[in-house]
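See below for the structure under consideration.
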Amino acid sequence: MVKKSRIVYFFLIIFALAALMIPTTEKIVNGIELGLDLQGGFEVLYEVEPQEEGQEITDETLQNTVAALTQRVNILGVSEPNITIEGDNRIRVQLAGVEDQQAARELLSTEADLSIRDVDDNERLSGNDIRENSASVNFGDANNPIVTVSLKDGDQFGEVTENIINEYSPPNNRLVIWLDYEEGDSYEEEATKEDPKFISAPAVNEPLYTQDIQIEGDFSVEEAENLADILNSGSLPVNLEEVYSNSVGASLGEQAMDKTIFATFIGVGLIFLFMLVYYRFTGFIAVLTLTTYIYFVLAAFNFIQGVLTLPGIAALVLGVGMAVDANIITYERIKEEIKYGRSILSAYRSGARRSLGTIIDANVTTLIAAGVLFYFGTSSVQGFALMLIVSILVSFITAVLGTRLLLGLWVNSRIFNKKPKVFGVKERDIHEP
Amino acid sequence: MNLNNSKKVLKRVIPFVKFRNVFFLITLAYILAGGILLSTIGLNLGIDFQSGSRVEISAQEPLTEEQVRSDFEAVEANLEPDDITLGGENNTIASARFIGELSQEEIAALQTYFEDEYGSIPNTSTVSPQVGQELAQNAFISVLIASLGLVIYITIRFQLLYGIASIAALLHDAFFIIGFFSLLQVEVNVPFIAAVLTIVGYSINDTIVTFDRIRENMPPTEEIESFEDLAEVVDVSLNQTLVRSINTVLTVVFAAAALFIFGGEGIHSFSLALLIGLVAGTYSSIFLAAQLWVVWNWKKIKREREKAPTEEPES
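Below you can see the structure in the form of structure tokens.
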């Protein structure tokens, strides 16, 4: 007696899976965050160094620096910045999909330390004299953008300008406005360059008793707005030094992704073809569970908000191989049991049972290796390891439980009784027990 | 013994163990060759493990080394790459290496230049010496820790001898890939390390499947009367799992080969390492791990017999 209900269940499950997968796949795929190697962008590892002697780098300083960097990144409007603390004194900034990489890098590394000096580079006013959050953008006489900041003390600027007029005669009666002045920078040297490092150096002809200082640079509106934002978001509490950087052009990233996805389709297609040709009906079950596997890996990856990198796609493909292995181990075992002369039903049961231990051992060992990778690896390797871990866990569910459920329905329906060919076993290979 | 039953089902049993010394010799030969290669020409370390900068340019038309050199000169007079390699279809991709770290300004300048010239922003990366060293160190430590974890797991699930034989196979596979990369002088980068570690996982996986079967087929030690008995258990087990071993490695090789042939430049050395490692992993499970286990286990059995000679009749 063939139990038709089991086969009906089988098709119901397939339809249910299809109803789940077909409408949601697109949303899941689009929702996965892509790494910078796939969509372009850059990554910088900064070493945090004390700004003054004796300053200690504590957890708090690191967190403040991260907060300040986050604020700056927000000025850029990057959708999903990733700023993390690594070790005792490093900060990794990953900006995927950022359009103007150069502007972003400059914005990140600036100390936002505004200072006003004389032509001999003596500091007259420092960032500490400026009122917090006072920077704004205005427009000058020629409709050129100007950044305005306010001083804490209104008399201070008057004194500074008066001193300049008294100490210097034209053309050296200038206030030089610097951003990120560093020891060794000199006005004299920079003034001869086409693109000087200081922002501007207006001449002072009369004492100015005002609280507001107008900075007229050669700005575009956007540059002026960025400068005002940086000044408002505050200076970094530390110096940052780049120890590693990696940048990927957007079009190259896209190229890499297209190629890898194409390669993935070919690889997975070949595996499917092999399974169908070699294992026939059971191979078809494997193809079903592998398709479900790919769907659930992507869904799980989306859920834990993993970042998909190039090696991550490779891990996904490798995971298909590992999932196939679970199927192959099971099928080979069932075939063997059939050859011993067992009935299809009992061969299926003992084959499924005996192969389970092997599959568990094989998966746990790979999981150990992937776990070590995840713990010790950095960025792209971690992306790979995370995908491998997700793959192994999901493949265990789909390739072990899924395969047993789907194949079990067919076997238990007894439709395959006395039909060893379905499992790829020839009659003459069967030995009587 | 149920082995006779198993043998009936297998059409023929390939006597792997008989040729174990041949396999040992072959393995020894290329391990020696690998050692010589590594100590003479060494590995082509990418900037990830040394320090310096790398710029990858992609153009629409084929590039030549001279052209790339003059391009860098046009960006800034003193910008001289220490090494340029061309790749991609028709040499449309050039990667230039610099020993020193390029500054943020230099990178900005060359990004602008190449975008104007070739229409796409080049990929750049810089690594400071300290970070490079740390990466290599971390990779080495990961392999050691992973090996240790695996030995412990296998010893708990199986026996110590299985664990040691698996680790021998695993180290063989890692060494094989490294030796091969030394021979081909392909650049070694961070994804390469990921590939080696993946192979470590795969190799163990493969070895475990065969060992699992050996353990299942092993009769109680008392029934093993001669080395031939033990060899028969291993040969039958290897033959039983042979189809599985081949089919599995085939499917994974399909995937790795597709990535190697059609995937982007970025995963080229990664997928090459995978391909080589997969073959090495299958080889080592059958021809190295299982053979080592036979030899060691027989020694162990003999030693135990010598301690308690009364129970067994002398053969």
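As given, the protein sequences belong to chains L and W, one line each in that order.
Following my numbering from start to finish, the first sequence increments by one per residue and tops out at 1212.
Following my numbering from start to finish, the second sequence increments by one per residue and tops out at 359.
For glycine and all other residues, C-beta sits at the position ideal for the given N, C-alpha and C.
For this session: In angstroms with no decimal places, state the Cα-to-Cα distance between residue 210 of chain W and residue 71 of chain W.
Result: 15 Å
For this session: Could you name the residues of the same chain whose beta carbon sits closer than 8 Å to that of residue 333 of chain W, not counting the 5 residues immediately before and after it, in chain order?
Result: 209, 210, 212, 213, 251, 254 and 255
For this session: Report yes if the C-beta distance between residue 818 of chain L and residue 1033 of chain L is below 8 Å; otherwise report no.
Result: yes
Exercise. If you draw a straight line from the alpha carbon of residue 314 of chain W to that of residue 1058 of chain L, how long is it in whole angstroms?
Worked result: 30 Å
Exercise. Are residue 292 of chain W and residue 1104 of chain L close, meaning C-beta to C-beta below 8 Å?
Worked result: yes
For this session: Check whether the Cβ of residue 343 of chain W lies closer than 8 Å to any Cβ atom in chain C.
Result: Absent here is chain C; the protein component of the structure consists of chains L and W.
Exercise. Between residue 303 of chain W and chain L, is there a C-beta pair that is closer than 8 Å?
Worked result: yes
Exercise. Using a Cβ-Cβ distance under 8 Å, would residue 172 of chain W count as near chain L?
Worked result: yes
Problem set entry | Terminal residues of the alpha helix (DSSP H) in which residue 297 of chain W lies | 271-306
Problem set entry | First through last residue of the beta strand (DSSP E) which encompasses residue 1022 of chain L | 1018-1027
Exercise. Contact between the stretch 214-229 of chain W and the stretch 77-85 of chain W: three or more CB pairs below 8 Å?
Worked result: yes
For this session: Determine whether the Cβ of residue 256 of chain W lies closer than 8 Å to any Cβ atom of chain L.
Result: yes
Exercise. By the 10 Å Cβ neighbour count, where 16 or more other Cβ atoms means buried, how is residue 884 of chain L classified, buried or exposed?
Worked result: buried
Exercise. Rounded C-beta distance between residue 1023 of chain L and residue 172 of chain W? I'm assuming under 8 Å.
Worked result: 6 Å
Exercise. Starting from residue 988 of chain L and walking both ways along the beta strand (DSSP E), at which residues does that stretch end?
Worked result: Per DSSP, residue 988 of chain L belongs to no beta strand (DSSP E) and is neither H nor E.
Exercise. Expressed to the nearest angstrom, what Euclidean distance is found between the alpha-carbon atoms of residue 833 of chain L and residue 827 of chain L?
Worked result: 14 Å
Exercise. Is it buried or exposed for residue 126 of chain W, if we count other Cβ within 10 angstroms and need 16 for buried?
Worked result: exposed
Exercise. Closer than 9 Å, Cβ to any Cβ of chain L: which residues of the stretch 227-239 of chain W, in chain order?
Worked result: 234, 235, 237, 238 and 239
Exercise. Can you give the Cα-Cα distance for residue 1041 of chain L and residue 306 of chain W, rounded to whole angstroms?
Worked result: 7 Å
Problem set entry | Ordered list of beta strand (DSSP E) runs contained in the stretch 941-998 of chain L, each at least 3 residues | 955-958 and 991-994
Exercise. Among L/836, L/932 and L/898, which one has its Cα closest to the Cα of residue 977 of chain L?
Worked result: L/898
For this session: For the stretch 894-919 of chain L, list the beta strand (DSSP E) runs that are entirely contained and at least 3 residues long, ordered along the chain.
Result: 902-904 and 915-918
Exercise. Which of helix, strand or coil does DSSP assign to residue 1074 of chain L?
Worked result: helix
Exercise. For residue 296 of chain W, does the count of other Cβ atoms within 10 angstroms reach 16, so buried, or fall short, so exposed?
Worked result: buried
Problem set entry | N-terminal and C-terminal residue of the alpha helix (DSSP H) that residue 865 of chain L is part of | Taken as a continuous stretch (DSSP letters only), residue 865 of chain L belongs to no alpha helix (DSSP H), being part of the beta strand (DSSP E) at 861-865.
Exercise. Listing by chain order, which chain L residues have their CB less than 7 Å from the CB of residue 51 of chain W?
Worked result: Going along chain L, no residue has its Cβ under 7 Å from residue 51 of chain W, so there is no contact; the nearest lies around 11 Å.
Problem set entry | Chain-ordered neighbours of residue 85 of chain W on chain L, where CB pairs are closer than 7 Å | Within 7 Å Cβ-Cβ: nothing; residue 85 of chain W doesn't reach chain L, min ~26 Å.
Problem set entry | Interface positions of the stretch 1018-1031 of chain L facing chain W (Cβ-Cβ less than 8 Å), listed along the chain | 1021, 1022, 1023, 1024, 1025, 1026, 1027, 1028, 1029, 1030 and 1031
Problem set entry | Within-8 Å CB hit, residue 962 of chain L to chain W | no
Problem set entry | Integer-rounded CB distance, given that residue 179 of chain W should sit under 8 Å from residue 93 of chain W | 6 Å
Problem set entry | Buried/exposed call for residue 967 of chain L, threshold 16 Cβ in 10 Å | exposed
For this session: Give the secondary structure of residue 798 of chain L by DSSP, where H, G and I count as helix, E and B as strand, and everything else as coil.
Result: helix
Exercise. How far does the beta strand (DSSP E) with residue 873 of chain L in it reach, from first residue to last?
Worked result: 869-875
Problem set entry | residue 313 of chain W: first and last residue of the uninterrupted alpha helix (DSSP H) it sits in | 312-327
Exercise. Three or more beta-carbon pairs under 8 Å between the stretch 893-907 of chain L and the stretch 948-958 of chain L, yes or no?
Worked result: yes
Problem set entry | Nearest candidate by alpha-carbon position, reference residue 914 of chain L, set L/797, L/991 and L/871 | L/991
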